[in-house]
Amino acid sequence: MNRTPQHLQDAKDLLSTDGFATNGLWYHGTSSALLPSIQEQGLNRSGDIAINQAAKNTMTTIGNHYTELVEPVFLTQSKELAYYWASQTVHKRHVRFEGEEEPIVIAINLPQPQREKIKPDVGAVSLLQMESGERFMANLATIYQNSGLEAPDIDLRNTDRMDFLRLLGMAYINQDIHIDCVQLVIA
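Read in order, the letters of the sequence shown correspond to residues 50 to 236 in my numbering.
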């Protein structure tokens with residue numbers, strides 16, 4: 050279980066029996082190694098060029114065809130959840146790359162027309178059924194319990210699509226996010 054820094058522990062303020070509140074401010078968790086690129090270009094879909102190249106090289110080496118997918122920018126309404134995903138990104142990168150990387154959280158303040166394009170991440174159902182998804186659900190249960198609430202007990206395949214946003218804090222936008230809309234969350 051990752052230990053969320055105090056300045057990112059916001060779930061108690063956001064959670065209710067209805068799930069996570071959304072106030073127009075969104076968060077994205079990633080690795081500190083990607084911060085210079087984010088500060089220069091904003092958040093781009095499928096933005097981790099190094100990890101994508103490593104996957105392509107692996108697939109080519111074993112003789113498989115590699116088709117690069119453009120993934121959206123994944124968002125959450127909680128700094129605490131963004132930190133969880135940032136920790137996962139750092140772990141995934143550490144397996145492939147040497148160096149010191151830290152989990153970071155990026156605050157995203159989008160103009161209203163772009164906010165309307167944020168969608169619940171229903172596609173996460175496949176991720177949540179794997180071991181990494183079980184870890185996320187355990188972490189989420191702890192966040193709910195620390196907020197004095199029962200963890201959501203949902204049937205991922207049959208739940209309302211908005212539950213992915215409200216109860217699980219999982220969303221995405223299928224657009225790049227301009228540099229003017231992003232800011233590193235610091236203590």
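Even glycine gets a Cβ: it sits at the ideal position worked out from N, Cα and C.
Nearest residue (CA-CA) to residue i, options the options
i	options	result
P121	G73, S81, A187, V171	V171
L57	D225, G197, L130, D212	L130
Q126	T138, Q137, N158, E147	N158
F213	I235, I167, S95, A236	I167
K61	L198, R215, S95, M219	L198
M219	Q90, L83, Y132, E147	Y132
L246	S196, N195, I203	Summary: the structure shown does not reach residue 246, with the chain confined to residues 50 through 236, and so no result is reported for it.
P152	P160, V139, P162, M179	V139
L118	Q90, N223, R52	N223
D209	P160, R52, P169	P169
I228	N195, R215, P160	P160
R52	Q163, Q137, G91	Q137
Within 8 Å, strictly: CB atoms of residue i and residue j
i	j	result
V154	G78	yes
K128	D67	no
D225	N72	no
L124	Y193	no
A200	L217	no
P54	A187	no
E238	S81	Residue 238 is absent from the structure shown; the chain starts at 50 and stops at 236.
L74	A156	yes
L84	L233	yes
L64	S181	no
Enclosing alpha helix (DSSP H) for residue i [first to last residue]
i	result
I157	Run containing I157: none in the alpha helix (DSSP H); it sits in the beta strand (DSSP E), 152-158.
V126	The question names Val, yet the displayed sequence has Gln at residue 126. It is not in any alpha helix (DSSP H) - Q126 carries neither H nor E in the DSSP assignment.
Q174	It should be pointed out that residue 174 corresponds to Val in this sequence rather than to Gln. Residues 174-177.
G182	180-195
S86	84-90
L214	211-215
L63	60-63
Assigned exposure category for residue i - 16 Cβ within 10 Å defines buried
i	result
A70	exposed
I98	Caution is warranted here: a pLDDT of 49 is assigned to I98, below 50, making its placement in the model unreliable, and no coordinate value can be reported.
N207	exposed
I87	buried
I100	Here the model assigns I100 a pLDDT of 45, short of 50, so the residue's position is not dependable, and the following value carries that caveat. Result: buried.
M211	exposed
Boundaries (first-last residue) of the beta strand (DSSP E) holding residue i
i	result
A220	220-222
Q232	231-233
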